[in-house]
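When you line the sequence shown up against the working numbering, it's residues 4 to 563, in that order. All C-beta atoms in this analysis are idealised placements derived from N, C-alpha and C, irrespective of residue type, glycine included.
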Amino acid sequence: MVLTGRIVGKPGMMSYISKYIPLLGAVVLLTGNSISQPVNLIPQPQQIWPKEGSFLLDNNVFVEVVPSTDKALNEIAAQLINQLSDVNGPRLQFSKGKKIKPGMRVIRFTLNKNKAANAESYSLNVTPSRIDIDAPAYNGCFYGLQTLLQLLPDAVFSQIPVNQDTWEVPCLSIIDYPRFIYRGMHLDVGRHFYPLPFIKKFIDLMAIHKLNTFHWHLTEDQGWRIEIKKYPNLTAVGSKRKNTIKEPYQKNSYEPHEGFYTQEEIREVVSYAMKKYITVIPEIEIPSHAMAALAAYPELGCKGKGYEVSTRMGVMFEDDDFCAGKESTFAFLENVLDEVMELFPGEYIHIGGDECPKIMWKTCQYCQARIRNEKLKDENELQSYFMQRIEKYVNNKGRKIIGWDEILEDKKISPDAVIMSWRGNTTAIKAARQGHDVIIAPTTPLYFIVDQGSSNTDSISMSFIKGFNTLDSVYCYEPMPTGLDKVEEQHIIGLQACAWTEFMDNAETVESMVYPRLCALSEVQWLDKSKKNLSDFKSRLQVHLFRLDKLRVNYAKHEF
Ligand SMILES: [Zn+2]
């Protein structure tokens with residue numbers, strides 16, 4: 004039920020309204036003589052009260068920031084002004100100390116610093132004379148702005164000028180805050196590389212859906228994608244593969260594939276994301292998934308030679324792990340991580356830890372010498388040694404590690420390590436009970452490499468993982484494992500979906516696998532369980548898709 008903004012008194016208005024009329028749902032509000040518009044927000048706020056009337060958004064509206072000198076707050080408000088200006092919509096201006104007199108219409112962003120409050124919470128009030136976004140921190144102000152943008156006509160998301168300078172915002176009150184503090188989306192750029200503009204668009208779309216963490220999977224057997232100054236071969240050699248073999252799943256590609264992000268581009272992405280209140284977590288995979296790195300520096304592998312960037316998709320190659328016996332491996336990884344930590348200022352560095360074959364370790368003289376000298380029992384303990392040593396290094400630099408849930412098999416892993424649980428609730432529960440913070444990321448239903456539905460003509464129909472992760476299954480997913488007590492539940496800090504890209508050789512395909520499922524994900528991340536409603540979500544999504552159209556998102560259309 005709920006209402007969205009519309010364009011006032013412009014040609015085409017009737018078609019605009021008629022587009023929405025079938026979706027008005029149970030409640031239709033009247034404002035004066037005109038029919039009010041449905042508010043269709045994704046993710047749905049925690050509490051929303053529709054009210055009578057509307058706010059006229061035109062060239063006479065002022066934007067006020069309180070406190071007026073706050074730089075970050077001014078930047079958030081400027082994002083509104085700029086976005087409207089980009090589409091040639093209403094031209095707003097900062098009040099710049101001008102006294103707001105009765106009758107003047109104003110949009111006010113107010114920062115009420117309150118350390119006790121949820122930093123990502125906000126309130127949004129729209130009356131005929133003013134729009135107020137209040138929040139205890141910048142994050143909340145930013146989310147209030149995202150909600151306000153969704154109250155405007157979808158033209159606000161247009162990629163071309165729409166030349167409409169009079170819009171209307173429905174009056175309402177919203178109180179909102181996210182359910183989880185970690186709301187992530189992952190993108191594997193190792194299997195396939197995507198250009199920088201797409202990465203920025205990926206981040207834009209996450210921000211619109213109020214996600215706050217981008218997990219950037221930067222290294223793989225099939226490609227190393229981050230420039231490391233000290234080791235130029237990582238990109239000169241490791242970012243290139245001569246072809247891609249996808250059989251039996253999909254047609255092979257005999258084209259070479261290559262690409263990497265320079266450090267300058269990485270800094271650009273991190274700072275771009277920061278303006279959208281998104282933290283970027285880099286993932287550097289150890290001790291395995293390292294074939295591209297070994298192709299660049301063969302001496303770091305047990306064999307010492309004969310590696311090439313993998314042309315085959317899949318996992319668990321028998322020789323894709325770093326040699327755990329050679330000291331040079333650790334010197335290399337520490338130097339790499341130094342540069343990575345310099346580029347990514349966030350608290351967490353993801354160090355992988357999954358799917359380590361350990362086969363080469365069994366016959367490697369260096370690995371076996373390490374096992375003897377460190378009095379380790381076997382190759383499993385050697386992996387623990389490896390991970391602990393890197394973890395200690397990262398911790399000494401003031402950062403914390405995230406690892407896939409295999410790292411739990413190491414009994415000595417520090418309780419500070421965050422566990423990314425991909426193999427189901429058993430590992431999530433075990434991790435939470437051991438006091439680790441846990442990010443829920445199960446293959447079912449949150450691996451977006453899995454097909455979306457049986458009639459999915461948009462899909463690439465190819466997953467390693469059989470079955471479907473439908474839009475409905477994502478929406479209906481309850482991430483909190485059952486059986487935890489209240490204290491243990493606090494360790495479930497949030498969830499993310501993963502876009503593994505073995506079969507996504509272009510950006511359009513990534514979008515069709517991620518959208519519209521990310522819309523459902525955002526609501527699982529944001530909204531309390533009791534407030535979710537699948538049919539209501541789907542009717543809001545129908546309207547939301549017009550926004551995605553304006554944003555030129557290649558979402559999967561088979562559901563619609
Ligand atoms: Zn070795």
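- With respect to the C-alpha of Ala140, the residue from Val129, Leu114, Ile163 having the closest C-alpha is Leu114.
- Put simply, the backbone Cα of Asp224 is about 41 angstroms away from that of Ser124.
- DSSP places Gly143 inside the alpha helix (DSSP H), whose first and last residues are 141–154.
- In the DSSP assignment, Arg186 falls within the beta strand (DSSP E) that extends over 185–191.
- The residues Ala435, in chain order, have a CB closer than 6 angstroms to that of Leu487 in the same chain once the five nearest residues on each side in sequence are set aside.
- Distances from the alpha-carbon of Leu208 to those of Ile287, His189, Arg194, Phe196 put His189 closest.
- Closest option to Ser417, judged by alpha-carbon separation, among Asn428, Ala431, Val397: Val397.
- In the same chain as Val318, and ignoring 5 residues on each side of it, the C-beta atoms closer than 6 angstroms to its own belong to Glu358, in chain order.
- For the pair Lys245 and Tyr257, the Cα-to-Cα distance works out to about 8 angstroms.
- Counting along the chain, no beta strand (DSSP E) covers Thr265, and no H or E run does either.
- Under DSSP, the beta-bridge partners assigned to Ser256 are Thr247.
- Sixteen is the threshold: when 16 or more other Cβ atoms of the shown chains lie within 10 Å of the Cβ of Ser126, as they do, the residue is buried.
- For Leu175, the closest C-alpha among the options Gly355, Gln437, Gln50, Leu87 is that of Gln50.
- Looking from the CA of Ser132, the closest CA among Gln371, Val339, Phe58, Gln545 belongs to Phe58.
- Rounded to whole angstroms, the gap between the alpha carbons of Glu562 and Ile184 is 30 angstroms.
- In summary, Ser542 is buried, with 16 or more beta-carbon neighbours lying within 10 Å of its beta-carbon over all protein chains present.
- When C-beta atoms of the region 415–432 are compared with those of the region 308–324, fewer than three pairs fall below 8 angstroms, so the two segments do not count as touching.
- DSSP places Asn338 in the uninterrupted alpha helix (DSSP H) bounded by 330–346.
- Here the alpha carbons of Ile354 and Glu261 stand approximately 23 angstroms from one another.
- By the C-beta density criterion, Asn166 is exposed, having fewer than 16 other C-beta atoms within 10 angstroms.
- Taking Arg315 as the centre and dropping the five residues before and after it, the same chain places the C-beta of Ile248 closer than 7 angstroms to its C-beta, in chain order.
- Taking each of Thr430, Phe540, Val477 in turn and checking the Cα distance to His494, the smallest one comes out for Thr430.
- The three-state secondary structure of Ser176, taken from DSSP, is strand.
- The Cβ atoms of Pro173 and Pro53 sit closer than 8 angstroms to each other.
- Distance from the Cα of Asn43 is smallest, within the candidate group Arg555, Lys278, Glu526, Ile79, for Glu526.
- Leu498: not part of any alpha helix (DSSP H); member of the beta strand (DSSP E) spanning 495–502, first to last residue.
- Pairing Leu151 with Pro41, the inter-Cα distance amounts to about 14 angstroms.
- Of the other Cβ atoms in all chains shown, 16 or more fall within 10 Å of the Cβ of Thr222; this residue is therefore buried.
- Short note on Ala327: C-beta closer than 7 angstroms to some heavy atom of ligand 1.
- If you check the C-beta of Cys359 against ligand 1, you find no heavy atom less than 7 angstroms away.
- Here Tyr480 has Pro448, Val527 as same chain residues with Cβ atoms under 6 angstroms from its own Cβ, once five neighbours each way along the sequence are excluded.
- Between the region 509–528 and the region 194–210 there are three or more C-beta pairs closer than 8 angstroms, enough to call the two in contact.
- With a cutoff of 8 angstroms on beta-carbon distance, Leu237 and Ala296 are scored as near each other.
- Put simply, the region 259–277 touches the region 344–351. At least three CB pairs are less than 8 angstroms apart.
- Here the region 194–202 does not lie against the region 545–555, with fewer than 3 beta-carbon pairs under 8 angstroms apart.
- Ranked by Cα distance from Ile79, the first of Leu60, Ala122, Asn142, Asp179 is Asn142.
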